[in-house]
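Residue numbers (my numbering): 747 to 955. Don't be surprised by glycine CBs; every beta carbon is placed ideally from N, CA and C. Predicted, not measured: the structure shown is a model, and the values here were computed from it. The structure appears below as structure tokens.
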Amino acid sequence: MSENTPDPTRILDQEIYRDLYERRIIVLGDALEQDTSNRLCTSLLLLASRDSRADIVLLINSPGGSVPGMLAIRDTMRSIPNDVATVNIGMAYSAGQFLLSSGTPGKRFALPHSKVLLHQGSGGIGGTAQDIEIQAEDLRHTRDTVLTCVADDTGQDVDKVTQDSLRDRWFTAGQALDYGFIDRIIDDLDIITGPDGLTARRSGLGLGA
Numbered sequence: 747m748s749e750n751t752p753d754p755t756r757i758l759d760q761e762i763y764r765d766l767y768e769r770r771i772i773v774l775g776d777a778l779e780q781d782t783s784n785r786l787c788t789s790l791l792l793l794a795s796r797d798s799r800a801d802i803v804l805l806i807n808s809p810g811g812s813v814p815g816m817l818a819i820r821d822t823m824r825s826i827p828n829d830v831a832t833v834n835i836g837m838a839y840s841a842g843q844f845l846l847s848s849g850t851p852g853k854r855f856a857l858p859h860s861k862v863l864l865h866q867g868s869g870g871i872g873g874t875a876q877d878i879e880i881q882a883e884d885l886r887h888t889r890d891t892v893l894t895c896v897a898d899d900t901g902q903d904v905d906k907v908t909q910d911s912l913r914d915r916w917f918t919a920g921q922a923l924d925y926g927f928i929d930r931i932i933d934d935l936d937i938i939t940g941p942d943g944l945t946a947r948r949s950g951l952g953l954g955a
């Protein structure tokens with residue numbers, strides 16, 4: 747394949763994501779990087795501007811990633827009037843877990859064999875002693891912010907979330923339900939994409955803000 751020949755796999759991926767977007771479904775299907783965060787934030791804003799009442803669905807199959815990126819997505823989810831349903835279709839690890847539990851209460855789902863990982867993550871620091879002190883304080887603030895959000899979303903006490911996150915803690919779909927990361931385990935995606943699913947209820951009805 748020459749440099750000027752389009753990659754058919756990439757073209758197919760773009761078409762798939764475009765089709766899902768038209769159905770008000772966005773996807774976090776890889777590690778969360780800053781450009782991915784920007785794409786998801788702008789997608790949320792654009793879909794909200796198209797219809798301020800229709801649900802938006804975020805599918806998650808991610809090993810985690812950027813903490814600033816996940817906080818930006820959560821803030822954007824909270825800033826729009828739409829309900830944002832979240833669905834763990836495989837793995838919601840670290841930042842993926844954070845976004846899964848950040849979905850609209852009652853609309854956080856997981857497929858039966860999906861997994862969740864809760865942990866505090868890590869961040870590198872360096873420089874002078876003063877620089878290290880400043881960076882460490884910022885890391886503590888970010889950690890506390892994230893843990894408070896997780897506690898709010900799951901209904902768990904923040905001290906319990908803090909203790910549970912000191913080491914990698916893995917959850918099956920059933921355990922994630924018990925902990926409060928999700929509201930329901932689903933066997934298929936009809937609740938999302940079916941004729942009466944979340945993405946069909948107001949689709950094509952011309953309902954705007």
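Quick one, are the C-beta atoms of residue i and residue j less than 9 Å apart?
i: asparagine 937; j: leucine 857; result: What sits at residue 937 in the sequence shown is isoleucine, not asparagine. Going by C-beta atoms, isoleucine 937 is not nearer than 9 Å to leucine 857.
i: alanine 794; j: threonine 945; result: no
i: alanine 777; j: valine 862; result: no
i: leucine 923; j: aspartate 914; result: no
i: glycine 810; j: glutamine 780; result: no
i: histidine 865; j: serine 840; result: yes
Please check the pair residue i and residue j, which I expect to be a contact at CB under 8 Å, by giving their CB distance rounded to whole angstroms.
i: leucine 804; j: isoleucine 772; result: 6 Å
i: serine 847; j: phenylalanine 917; result: So it is not a contact: roughly 11 Å between Cβ atoms.
i: glycine 842; j: leucine 766; result: So it is not a contact: roughly 18 Å between Cβ atoms.
i: threonine 790; j: threonine 822; result: Reading off the sequence shown, one finds leucine at residue 790, where the question assumed threonine. 5 Å between Cβ atoms; contact.
i: asparagine 807; j: glycine 849; result: That pair is no contact at about 15 Å.
i: threonine 894; j: valine 904; result: 6 Å
Going by DSSP, what residue range makes up the beta strand (DSSP E) through residue i?
i: glycine 836; result: 830-839
i: alanine 856; result: 854-856
What does DSSP give as the partner residues of residue i in its beta bridges?
i: lysine 906; result: DSSP lists no partner for lysine 906.
i: threonine 918; result: Lys861
i: glycine 811; result: Leu778
i: valine 803; result: Ile771 and Ala831
i: isoleucine 931; result: Ala856
If I follow the unbroken alpha helix (DSSP H) through residue i, where does it start and stop?
i: serine 848; result: No alpha helix (DSSP H) holds serine 848; DSSP gives it neither H nor E.
i: aspartate 936; result: 936-939
Please confirm if the segment 878-893 is in contact with the segment 826-835, defined as three or more CB-CB distances below 8 Å between the two stretches.
no
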